[in-house]
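Chains as they are written, first to last, in the UniProt record's numbering: chain A, 1 to 237; chain B, 1 to 237.
For each residue, glycine too, the CB sits at the ideal point set by N, CA and C.
Worksheet for the structure shown next.
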DNA sequence: GCTGAAACCAAAGCACGATTGGTTTCAGCC
DNA sequence: GGCTGAAACCAATCGTGCTTTGGTTTCAGC
């Protein structure tokens, strides 16, 4: 699996040209709203190359996770769609914030536990980086995004496909709801600082491979979040 | 909403005739393997009635939950398909028994907790009946079925749509797997008696509306189940 | 050994008409 | 007025056939 040859930027004259060209299309060239790339045959004609060369380049981009392909459908930028999202969209209509919170309070501490028992050193580094991004975020919106990424990363590292699916389900419903705004109002500079400290505590427990402590810290974090959300909802009433 | 007229078995001469005829088709008339009924137009012609009458009869059967209809598709006996099952079928392939058990251990105690806090007297009666059926089951297979129904009932009573979906996901994957056989081997007369006692304990806690105790009892039950499953797998090795 | 070209396969999309449940309207009949 | 039967129309779905598109193989040239 190890590339022997030192030339990494210029594998072969033609292949590299094609690869760079397509990479540029993906990264800066504006694509249709669905992210669809031109067809392989079209790209080959446009770049004056053969289909085989184009396919080799696309193979690489796909391996890098920049694009995904489906026979009969096309080539698209980004990640392949997740069937969990569709299910989430279907049941999102009759789920209230309280139910979502109950579900989070049930599953996320367990995920933190598993995460602590299975995380590699590399994983912990990534988590710390995400916590830092959450901390450094300028506005409340981007803090929200990085916070979501952190919780998602913990769920992924936990390494249980079923529980990850359940988490994704909750996460999608939570995001798609119109009570986004309520959550937004619940975030203040004070709460954000508090959340950052709790994130630290969770990650420290994971770093120490202490599953029970990680679960406890996560539960504490969620309960704080829950309380603030509830308070902000009562304030509205 | 209250029917004033005493005639319940004979609402109107024609409507009742059509209703009975279709009810008979659904209950005893053999249908195609997918449970599809003849089309409304076909039924109307065959029964010598108008489409409106047929539709009224079908409306009633649908309200009773005996059939379900979809525009452009047809009328079918039984319950409408659950999108959760499809998702479960998709991810079932890369889920091992251990992951499923982890997931159950995470979610079912929480469901028992919620169930204890929300169950009505009627709910408890139903649970006791299911536990009894599990106890009285002749063979291991039917015990398995009633046991599943009991756990599902607890999940439903918990009254959280998201968590019910997550439970259904786990349940479907668990059922569809080929390690059904392993679970079968793990059930012996001794373990069955033990499980019955644990079911009692769970339901007693629910009856007492003691959420924490219900969760504890459920966790204990699942851990026993888990241990036996693991032992039976090791025995095979 | 890589490239370009061509041909074929299989999965998905698209367009079309047919089918089917959902709805409305209308006339006939208690 | 209320139920019935008939008809017409709407909207979702399905089946069919053709096209598109990625996946694969083959072959000749450099």
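What does DSSP give as the partner residue(s) for residue 67 of chain A in the beta ladder?
As a working note, residue 67 of chain A is residue 67 in the first chain. A/77.
Per DSSP, the bridge partner or partners of residue 36 of chain B:
For the purposes of this step, residue 36 of chain B is taken as residue 36 along the second chain, with counting starting at 1. Per DSSP, B/76.
Could you list which residues in chain A have their beta carbon closer than 9 Å to that of residue 126 of chain B, in chain order?
To locate residue 126 of chain B, count along the second chain from 1; it is residue 126. Within chain A, no residue comes near residue 126 of chain B; the closest Cβ sits about 22 Å away, beyond 9 Å.
Since residue 123 of chain B is in the alpha helix (DSSP H), which residue starts that stretch and which ends it?
Taking the second chain and counting its residues from 1, one reaches residue 123 of chain B at position 123. Residue 123 of chain B -> alpha helix (DSSP H) spans 121-136.
At 7 Å on the CB atoms, spell out the chain A contacts of residue 171 of chain B, in chain order.
Position 171 of the second chain, counted from the first residue, corresponds to residue 171 of chain B. By Cβ distance, chain A contributes nothing, its closest Cβ being about 11 Å from residue 171 of chain B, past 7 Å.
So what does DSSP say about residue 160 of chain A, is it helix, strand or coil?
To locate residue 160 of chain A, count along the first chain from 1; it is residue 160. If DSSP states are grouped into helix, strand and coil, residue 160 of chain A belongs with coil.
How is the alpha helix (DSSP H) around residue 100 of chain A delimited, first residue to last?
Here residue 100 of chain A refers to the residue found at position 100 of the first chain. Residues 97-118.
Candidates B/202, B/149, B/90 and B/197, of which the one nearest residue 115 of chain B by Cα
Numbered from its first residue, the second chain carries residue 115 of chain B at position 115. Of the candidates B/202, B/149, B/90 and B/197, the one whose C-alpha sits nearest the C-alpha of residue 115 of chain B is B/202.
Contact list for residue 87 of chain B against chain A, beta-carbon separation under 7 Å
Reading the second chain from its first residue, position 87 is the one you call residue 87 of chain B. Ordered by position in chain A, the residues that pass the 7 Å Cβ test against residue 87 of chain B are 83, 84 and 87.
Residue range of the alpha helix (DSSP H) that includes residue 87 of chain A
Here the question's residue 87 of chain A lines up with position 87 in the first chain. Per DSSP, residue 87 of chain A is one residue of the alpha helix (DSSP H) stretching across 83-91.
Counting only beta-carbon separations shorter than 9 Å, does residue 94 of chain A have a partner in chain B?
Here the question's residue 94 of chain A lines up with position 94 in the first chain. Yes, its Cβ sits closer than 9 Å to a Cβ of chain B.
For the structure I just gave you, are there three or more beta carbon pairs, one from the stretch 118-126 of chain A and one from the stretch 110-125 of chain B, closer than 8 Å?
At 8 Å Cβ cutoff, the stretches do not touch.
Using CA atoms only, rank isn't needed, just tell me which of A/37, A/19 and A/172 is closest to residue 53 of chain A.
Position 53 of the first chain, counted from the start, is the residue given in the question as residue 53 of chain A. Nearest C-alpha to residue 53 of chain A: A/19.
Over the uninterrupted alpha helix (DSSP H) stretch that includes residue 192 of chain A, give me the two end residues.
By one-based count along the first chain, residue 192 of chain A stands at place 192. Run containing residue 192 of chain A: 189-207, per the alpha helix (DSSP H) assignment.
Is it right to say residue 184 of chain A is buried, meaning 16 or more other beta carbons lie within 10 angstroms of its own, or is it exposed?
Position 184 of the first chain, counted from the first residue, corresponds to residue 184 of chain A. Per the 10 Å Cβ criterion, exposed.
Around the Cβ of residue 5 of chain A, are there at least 16 other Cβ atoms within 10 angstroms (buried) or fewer (exposed)?
Mapped onto the first chain, residue 5 of chain A falls at position 5. Reliability fails at residue 5 of chain A, whose pLDDT of 40 lies under 50, so the model's placement of it is uncertain and the value that follows must be treated cautiously. An exposed status is given to residue 5 of chain A, since fewer than 16 other beta-carbon atoms sit within 10 Å of its beta-carbon.
Looking at the C-beta of residue 160 of chain B, does it have a partner C-beta in chain A at a distance below 9 Å?
For the purposes of this step, residue 160 of chain B is taken as the residue at position 160 of the second chain. Output row for residue 160 of chain B: interface = yes.
Partner residues on chain B for residue 165 of chain A, Cβ-Cβ distance less than 7 Å:
Taking the first residue of the first chain as 1, we reach residue 165 of chain A at position 165. The contacting residues are 91 and 169.
By Cβ distance below 7 Å, which residues in the same chain neighbour residue 166 of chain B in space, the five residues on each side in sequence not counted?
Within the second chain, numbered from 1, the residue matching residue 166 of chain B stands at position 166. Excluding sequence neighbours, residue 166 of chain B sits near 107.
Given 8 Å, three or more beta-carbon pairs between the stretch 127-134 of chain A and the stretch 191-209 of chain A
yes
For residue 202 of chain A, return the contacting residues in chain B, with the cut-off set at a CB-CB distance below 9 Å.
The residue given as residue 202 of chain A occupies position 202 in the first chain. Simply none; closest approach about 17 Å.
Cross-chain neighbours of residue 110 of chain A in chain B, by beta carbon under 7 Å:
As a working mapping, residue 110 of chain A is identified with position 110 in the first chain. Ordered by position in chain B, the residues that pass the 7 Å Cβ test against residue 110 of chain A are 106.
So what does DSSP say about residue 29 of chain A, is it helix, strand or coil?
In the first chain, counting from the first residue as 1, residue 29 of chain A sits at position 29. Coil, per DSSP.
Backbone CA spacing between residue 80 of chain A and residue 103 of chain B [nearest angstrom]
The sequence position of residue 80 of chain A within the first chain is 80, counting from 1. The sequence position of residue 103 of chain B within the second chain is 103, counting from 1. Their backbone Cα atoms lie some 25 Å apart in a straight line.
State the DSSP-derived secondary structure class of residue 5 of chain A, mapped to helix, strand or coil.
By 1-based counting over the first chain, the position of residue 5 of chain A is 5. In this predicted model, residue 5 of chain A has a pLDDT of only 40, less than 50, meaning its place in the structure is not dependable enough to derive any value.
9 Å is my cut-off, CB to CB: does residue 17 of chain A come that close to chain B?
In the first chain, counting from the first residue as 1, residue 17 of chain A sits at position 17. Output row for residue 17 of chain A: interface = no.
Could you tell me the distance, in whole angstroms, from the CA atom of residue 35 of chain B to the CA atom of residue 27 of chain B?
Position 35 of the second chain, counted from the first residue, corresponds to residue 35 of chain B. Position 27 of the second chain, counted from the first residue, corresponds to residue 27 of chain B. Going from the Cα of residue 35 of chain B to the Cα of residue 27 of chain B covers about 11 Å.
Return no unless some Cβ of chain B is closer than 9 Å to the Cβ of residue 103 of chain A.
For this step, residue 103 of chain A is matched to residue 103 along the first chain. So, interface residue.
Looking at the structure shown, is residue 45 of chain B part of a helix, part of a strand, or coil, going by DSSP?
Position 45 of the second chain holds residue 45 of chain B. In the structure shown, residue 45 of chain B sits in a helix (DSSP, three-state: H, G or I).
Does residue 42 of chain B pass the burial test, meaning 16 or more other C-beta atoms within 10 Å, or should it be called exposed?
Counted from its first residue, the second chain places residue 42 of chain B at position 42. Residue 42 of chain B is exposed by the Cβ-count criterion.
Residue 245 of chain A versus residue 149 of chain B: straight-line alpha-carbon distance, rounded:
One cannot answer for residue 245 of chain A here, as it falls past the ends of chain A, which runs 1 to 237.
Does any residue of chain A have a CB that is nearer than 9 Å to the CB of residue 2 of chain B?
By one-based count along the second chain, residue 2 of chain B stands at place 2. Unreliable placement is indicated for residue 2 of chain B, whose pLDDT of 36 sits below 50; no coordinate value is reported for it.
Min CB distance residue 100 of chain A to chain B below 9 Å:
Position 100 of the first chain, counted from the start, is the residue given in the question as residue 100 of chain A. It does: the Cβ of residue 100 of chain A has a partner Cβ on chain B nearer than 9 Å.
Suppose contacts are defined by Cβ-Cβ distances below 9 Å. Is residue 225 of chain B in contact with residue 186 of chain B by that definition?
Working through the second chain from its first residue, we reach residue 225 of chain B at position 225. Working through the second chain from its first residue, we reach residue 186 of chain B at position 186. Going by C-beta atoms, residue 225 of chain B is nearer than 9 Å to residue 186 of chain B.
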